[in-house]
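Step one of this worksheet: look at the structure below.
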Amino acid sequence: MINFKRLAFKLFFLYFLFACKDETTKLKNSFNLPQTNISNPIVDGYYADPSIIIENGKFYIYATKDPWGKDDLAFLESSDFKSWKLKKINWPTKEDCTSPTSNGSMVWAPSVVKAKNGNYYMYVSVGSEVWAGVATSPGGPWKNAMDDNTPLITQDLFPDYHMIDAEAFIDDDGQAYLYWGSGLNWMNGRCFVVKLKKDMITFDGEIMDVTPENYFEAPAMIKRNGIYYLMYSDGKVIEDTYKVRYAIGDNPFGPFKEAETSPILSTASDSITYSPGHHTVFSKGGQNYILYHRHSANSPQSTGLLRELCVDSLNFTKDGLIKNVKPSGIASF
């Protein structure tokens, strides 16, 4: 026989429990407290210099394999940003991307974008040169976008600087630009930019030096409300001086002036976020996120560098400045 009083009590208790949980969630939201379900690092393993593509409900991350790069890239796939599968892509490899002007540096720092023509393009540093690849899907198969299998940017183009860390940016009108450049011996980093033609490998006009104050390497361009944000890394990646800065301009060529809230992500004495940088920015559900690397707790400073991938929210002030990033992970998508 059903005890209606006991059943009514149970139903009331469940209602009360869920109502309290809902009110607690609302209270957290009202104070803008993080509801973190994705913690850092986001994936096991040692990776750096990430680039990300979101396509058909899946996330694809391309990254350097640590320590200091390997013969190929890391390619990670996830449908929820929590469970990641490490997959193999056929290109680039150190063997395929070696020219008479290459040095011994391994495969580093990919940037992958989907162009207006529907193809995917990758700009990656191998042998301290920038190589361009093309594919019809994020996982490939990839091939060198240059018909003669040469690098897009050779090491000796500007021999006083390091020809690495290329980052593609596609403006609202579909026009593509390529930024790149670092310094030699941890000094004198320079940032170069050129407009790309529709084939994504032919330079349309002159290469311009747009180096902002305190720039060293790893440029990343974003646009918001008509403002161009040239983001970049400064300091030494092998030390705790590595950090994320940004400068503002009104067009892709600048001039760029470092903003008053820069830097936005640095090593903090009370945090496990050590030497953060070489990032990319992506958006999901109207929110911006910064995907970057930091040192692993298992990483020595210079030899055998071991970095790990992290993600945090990227937010703006009402005046259009980027707020300081709080390394705390993010809520689930």
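Under the UniProt record's numbering, the first residue of the sequence shown carries the number 1, and numbering increases by one thereafter.
Ideal placement from N, C-alpha and C gives every residue a C-beta, glycine not left out.
Minimum C-alpha distance to residue i - residue among the options
i, options, result
"D199", "P252, V134, P263", "V134"
"residue 346", "D71, R245, A168", "Limits of the chain in this structure are 1 at one end and 333 at the other, which puts residue 346 out of reach."
"Y228", "I322, I207, M187", "I322"
"N90", "D72, S99, T136", "D72"
"N119", "I53, A331, Y274, S269", "I53"
"D171", "A220, D209, T211", "A220"
"K284", "V43, N188, G57", "G57"
"N315", "E239, L306, I290", "I290"
"N188", "G254, E213, R294", "E213"
"L152", "V325, M122, S271", "M122"
"D240", "G254, A247, L305, D204", "L305"
"I264", "F253, P255, H278, K70", "H278"
"S319", "G235, R224, M231, Y161", "A small fix is needed here, since residue 319 is Asp in this sequence, not Ser. That would be R224, whose Cα lies nearest to the Cα of D319."
"residue 334", "P300, V281, V325", "Shown here, the chain extends from 1 to 333; a query on residue 334 therefore has no answer."
"N288", "L76, F253, F333, S83", "F333"
"D148", "W84, A132, S137", "A132"
"K70", "E95, L76, T150", "E95"
"I222", "K82, C191, N251", "N251"
Host beta strand (DSSP E) of residue i (start-end)
i, result
"H295", "287-295"
"residue 334", "Not covered by the structure: residue 334. The range shown for the chain is 1 to 333."
"D71", "Here D71 belongs to no beta strand (DSSP E), and DSSP marks it neither H nor E."
"L314", "307-314"
"D147", "Where D147 is concerned, there is no enclosing beta strand (DSSP E), given that its DSSP letter is neither H nor E."
"residue 336", "For the chain, the structure presents residues 1 to 333; residue 336 sits outside this window and is missing."
"A109", "107-114"
"P300", "It is not in any beta strand (DSSP E) - P300 carries neither H nor E in the DSSP assignment."
"E55", "47-55"
"F192", "192-196"
"W180", "176-180"
"M187", "Premise fails: M187 is in no beta strand (DSSP E) and is neither H nor E."
"S125", "120-126"
"G133", "129-135"
Integer Cβ distance of residue i from residue j, believed to fall under 8 angstroms
i, j, result
"S105", "G127", "5 angstroms"
"F216", "S182", "7 angstroms"
"residue 358", "A145", "What the structure shows of the chain is the stretch from 1 to 333, and residue 358 is not part of that stretch, so it cannot be assessed."
"R307", "T273", "Their Cβ separation, rounded to whole angstroms, is 12 angstroms, which puts R307 and T273 out of contact at 8 angstroms."
"V237", "S275", "6 angstroms"
"V113", "A166", "Not really, about 11 angstroms apart at Cβ, beyond 8 angstroms."
Distance CB(residue i)-CB(residue j) smaller than 8 angstroms
i, j, result
"P327", "N37", "no"
"D49", "T64", "yes"
"W180", "I164", "yes"
"T98", "V107", "no"
"residue 384", "Q175", "In the structure displayed, the chain extends from 1 to 333; residue 384 sits before or after that span and is not available."
"K87", "G139", "yes"
"M231", "V244", "yes"
"L157", "L178", "no"
"V193", "F203", "no"
"Y47", "L309", "yes"
"K247", "E258", "Checking the displayed sequence, the identity of residue 247 turns out to be Ala instead of Lys. Result yes, Cβ atoms of A247 and E258 sit closer than 8 angstroms."
"D312", "G329", "yes"
"S51", "Y62", "yes"
Any C-beta of chain D under 8 angstroms from that of residue i
i, result
"V193", "No chain D is part of this structure, which consists of one protein chain only."
**Prompt:** Could you give the uninterrupted runs of the alpha helix (DSSP H) lying entirely in the segment 222-289, keeping only those of 4 residues or more?
**Reply:** none
**Asked** Can you list the beta strand (DSSP E) stretches of 3 or more residues lying completely in the segment 75-104, in chain order?
**Response** 85-87
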